[in-house]
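Numbering (this note's numbering), first residue to last: 1 to 1140. Cβ atoms here follow ideal geometry from the backbone N, Cα and C, with glycine treated the same way.
Below is the structure:
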């Protein structure tokens, strides 16, 4: 027996803490105590002490006032009642219970909650699994709970020390899931709800919660228009939503609507994604296309816990950046393209200039005998370089620092949580680097006022700043301009250090002059965002089973954008300085201020009752009121007196002022009735009655109900023989209606029933009276007199299965969503009417899809330590069809028409490339419609004459008469999938997360120079190294591209979508890889820390794709087919987590 084990000490005098550690090492027993009561730093005499553990403890604690009790493998060290530190008067009349909580493998459970049933007493286990709780005399039982484990209820009796072993919950059936205005046990959940926990998101080297969520939830589709730091997250649930209106889900952070980008990811505890009408209907008008509920970490009782997480990352582009840097190779390629199309040279270089470039073609750096910049006979600079513009403009190592601090603690009467996050990130620009900064502070304070009232106040502050040099990044400037005219034979600066703007030759400007802007540091865009959310929540326990909740929140969001451009100096010849003053580089300042205020009030009651220990009833009913006020102002001015000071008062030139404001309100009555019989037969009814100010009286109110039914047939008696292998089986079904009040597809989205009159002092006609531009008024397009809600009807069938004690689980959902009464163009009006047709509620879109997840989680013992591992796979898909649409009666292709498959791509079929001009002539098919600038010849594409007319065209361009056009693909993403691998053993943890799509067709845009090269623009800055070998020539008959000719992708045959160059964006990406190590607890205890963990994490490390261009990112192409936006990045980071 452990109590008879012998123990010896090596030193004569040591602290109690070291003595306890020695006992644990030599006996394998656990010494349990409350560090707030037992002074473990007290020095005790150990000379001559040895023998059985009981005798040793008696001698060791002599004179300390402490006593010990041995219970199995646990030693409890306690103090007399008189020495306890009392935190409240109730504890004088109660007693203190100590204990330890472990799992079935003997590992301590950290963060388990111990609650005195029927009291406000609460405690949380520390990193050793220990706890101490003050219980009133009347308390007879305690409840111990922890996510992932079965909750235990223990009768205290006469026990003062309680050792508890918790068993793993069979895959979380007792886990509590956050749903609308409440929580539900996962076992009783019958809506389509997916959850993500903080553990799923930790250690990702990204700064946005949206990026962390990518691929984590089936059919939660998250995309970004670019890789710009702070780029807005675009959210979609379950595919196509509406024709013209926003189909984004409602995002609530602790009950307050907010952007998913304005939260510290480290503050998140859980995320619930409500996908179907049954789960979302309680939110009514705002939840038409799903709800994302983000719950932040709650306050915890106990001693103060301080947690720090620090991470350093560096990033690089995900794409291949190996471009042509030899001036001679680039100029011959570009001029050949230009000559073939326009019979002119792009560079205007002479043969002698060509010869100079050829002489330097092998010079990786400038040779003094062959300088790259030469003063010509005309006295101007001439350029013969092999310059790497990409690496000059962009940085491959973009550092990011991320620091997070969390402090929490308190008593059962008052507790607190304060957290802060700081991110500093450098962007991609190598000169005058763009910089992104965010700061978040969260404070939560809870007070148990008495035994029936609890108050919680919180404040969340978010602040960000992004500065990018050069043009206005929100309007697409800079990155796109840098991809023009920056040819390898040119230089960005002259030998004397002056800037290059125009140059001898064709007079074009490298990077449109923006490289000079980057060098000088003049100008740029700064965007600052500040959001503050204040919340006050009250919970009143009225009677047994009845609680009343009151929530009040206020949100203030402000955005300030400053855009400044200034002149800069440049030189075309030695000793002569010129100034760029026009166009992009006019001396101007623009400031925009946006302000949004939101007030939210909720009052609702929750009644729970169990009848005859079998019938469980849960009723929620309440009212919700929201109001929003929005205002923006903009001012601009030219010709400032200073190049560095940004003040509108310094402007002396033209000025402009404009602005706008609106407000709207929403009121809703909601209720939910949930019933289950023995947790076996489940039913739920949700009701919402909403009114919105966005529609006119008579059309403002809508009623949105839903019904969900569930059957856990695994609990039936006739299934008892399957329980050895079938742990859980539940069938779910739901049907419901939701509303969409969003009308952002309308020109007047907040008052769409009002026909606005625009007032201004500038107009396209520019009427001048008395040398002054006249003020004008202009009517908006006509509006419908009966605009009202879009209605979303969603049906969902689900099946949840668990096998082998729920080690293997699977969940399948099949759904159909119909968006009815969509705002869509009405019948076509005569051209003489002068206005576009008004929008009406006359469209209907049907989306069908499914979601499947399969998971396996298990553990085994390896070298006396539990080895945990798991794998999770998900697959989701959807297709949409426009069922009803009154506009486009002729069904003109390229526009929406009734019966259209959402995302369909019409184009031509390509049979190959003509090998000879004789072959093209002999075929006798007229391709004039396609080849608008020349006749068929060798190297041209062979378009299929599908209608046999001997002429390639699109007919009337309608569904009935489409000539040689056929459906060649679909632009909607299909088969979203993810694979999540995880393992942990003896402090080592590993995880890998793969994400991708199975199919998405896209035709590269005419300006996509990464794909088309000079086919798009002959002056494309960055030419892929493998491009020239893919262009047809007489000795390259099987090439990918046709013969060289500039601008074919914008004005020639390549502008027409065809199946040869249609791209499948299917990809598989190693989204995240993390390896971590947690130091042994015995080691961290010695240095006064609870936990210390080090980790490496990588993001976007590997991408497998079928894309025909390695210079493009397939994920980025899903939202942008130009290839000319801020690139996505792969990141590498090292971090540390420390709990004090």
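Worksheet item: Distance, Cα to Cα, residue 353 vs residue 489?
Response: 11 Å
Fill in: Local Cβ density within 10 Å of residue 209, reported as buried at 16 or more and exposed below that
buried
Item to complete: Return helix, strand or coil for residue 289, following the three-state DSSP convention.
Response: coil
Worksheet entry | CB-CB length for residue 567 against residue 552, believed under 8 Å | With 8 Å as the limit, residue 567 and residue 552 do not qualify as a contact, their Cβ atoms being about 52 Å apart.
Discussion item. Check for me: the beta strand (DSSP E) holding residue 452 runs from which residue to which?
Written reply: First-last for residue 452: undefined, no H or E at that position.
Worksheet item: Can you name the residues that DSSP bridges to residue 656?
Response: 636
Worksheet item: If we call anything under 7 Å between Cβ atoms a contact, is residue 692 one with residue 285?
Response: yes
Worksheet entry | From 78, 232, 355 and 307, residue whose alpha carbon lies closest to that of residue 327 | 355
Discussion item. With a threshold of 6 Å (Cβ to nearest heavy atom), would residue 371 be considered close to the ligand SAM?
Written reply: In the structure shown, the ligand SAM is absent, as is every other ligand, since no ligand is present at all.
Worksheet item: For the beta strand (DSSP E) that residue 732 lies in, which residues bound it at each end?
Response: 726-740
Discussion item. On the CB-based measure, 16 or more other CB atoms within 10 Å of its CB, does residue 214 come out buried or exposed?
Written reply: buried
Fill in: Sequence-distant residues of the same chain with beta carbon closer than 6 Å to residue 442, five excluded per side
267, 419 and 460
Discussion item. Check this for me: beta carbons of residue 1139 and residue 1074, under 7 Å apart or not?
Written reply: no
Practice prompt. Starting from the C-beta of residue 569, find all residues in its chain whose C-beta is less than 6 Å away, skip the five residues before and the five after it, and write them out in chain order.
Written response: 577 and 579
Worksheet item: If we call anything under 7 Å between Cβ atoms a contact, is residue 40 one with residue 17?
Response: yes
Worksheet item: Name the DSSP beta bridge partners of residue 367, please?
Response: 370
Worksheet item: Cβ atoms of residue 388 and residue 344: under 7 Å apart, would you say?
Response: no
Worksheet item: For residue 901, which of helix, strand or coil comes out of DSSP?
Response: strand
Item to complete: For residue 1040, I'd like the list of residues in its chain whose CB is within less than 6 Å of its CB, leaving aside the five on either flank, ordered along the chain.
Response: 1030
Discussion item. Quick check on DSSP: helix, strand or coil for residue 718?
Written reply: helix
Worksheet item: According to the neighbour-count rule (16 or more other Cβ atoms, all chains shown, within 10 Å of its Cβ), is residue 703 buried or exposed?
Response: exposed
Discussion item. Only counting the same chain, and skipping five residues up and downstream in sequence, which positions put a Cβ closer than 8 Å to that of residue 1025?
Written reply: 322, 323 and 324
Worksheet entry | Nearest to residue 1143 (by Cα), restricted to the options 974, 887 and 810 | Because the chain spans 1 through 1140 in this model, residue 1143 falls outside it and cannot be assessed.
Worksheet item: Out of curiosity, what's the CA-to-CA distance linking residue 912 and residue 1020?
Response: 26 Å
Practice prompt. Whole angstroms is fine: what's the gap from residue 612's alpha carbon to residue 102's?
Written response: 34 Å
Worksheet item: DSSP state of residue 676, grouped into three classes?
Response: strand
Worksheet item: Quick one: what does DSSP say residue 265 is sitting in, helix, strand or coil?
Response: helix
Worksheet item: Roughly how many whole angstroms lie between the Cα atoms of residue 633 and residue 371?
Response: 52 Å
Worksheet entry | Secondary structure, alpha helix (DSSP H): runs of 4+ residues fully inside the stretch 1093-1119 | 1114-1117
Worksheet entry | C-alpha distance - residue 1127 paired with residue 1117, whole-angstrom precision | 10 Å
Discussion item. On the DSSP bridge list, what partners appear for residue 667?
Written reply: 625 and 691
Worksheet item: Taking only runs of the beta strand (DSSP E) that begin and end inside the stretch 908-981, which ones reach a length of at least 3 residues, in chain order?
Response: 910-913, 941-943 and 966-970
Item to complete: Could you pull out every unbroken beta strand (DSSP E) segment of at least 3 residues lying fully inside the stretch 208-263, listed in chain order?
Response: 220-223, 234-237 and 250-253
Practice prompt. Quick one: residues in its chain with C-beta nearer than 8 Å to the C-beta of residue 135, no 5 flanking neighbours on either side, listed in chain order?
Written response: 94, 95, 96, 97, 116, 119, 121, 142 and 156
Practice prompt. Give the DSSP-derived three-state secondary structure of residue 1000 in the structure shown.
Written response: coil
Worksheet item: Which class does residue 789 belong to by DSSP, given the choice of helix, strand or coil?
Response: coil
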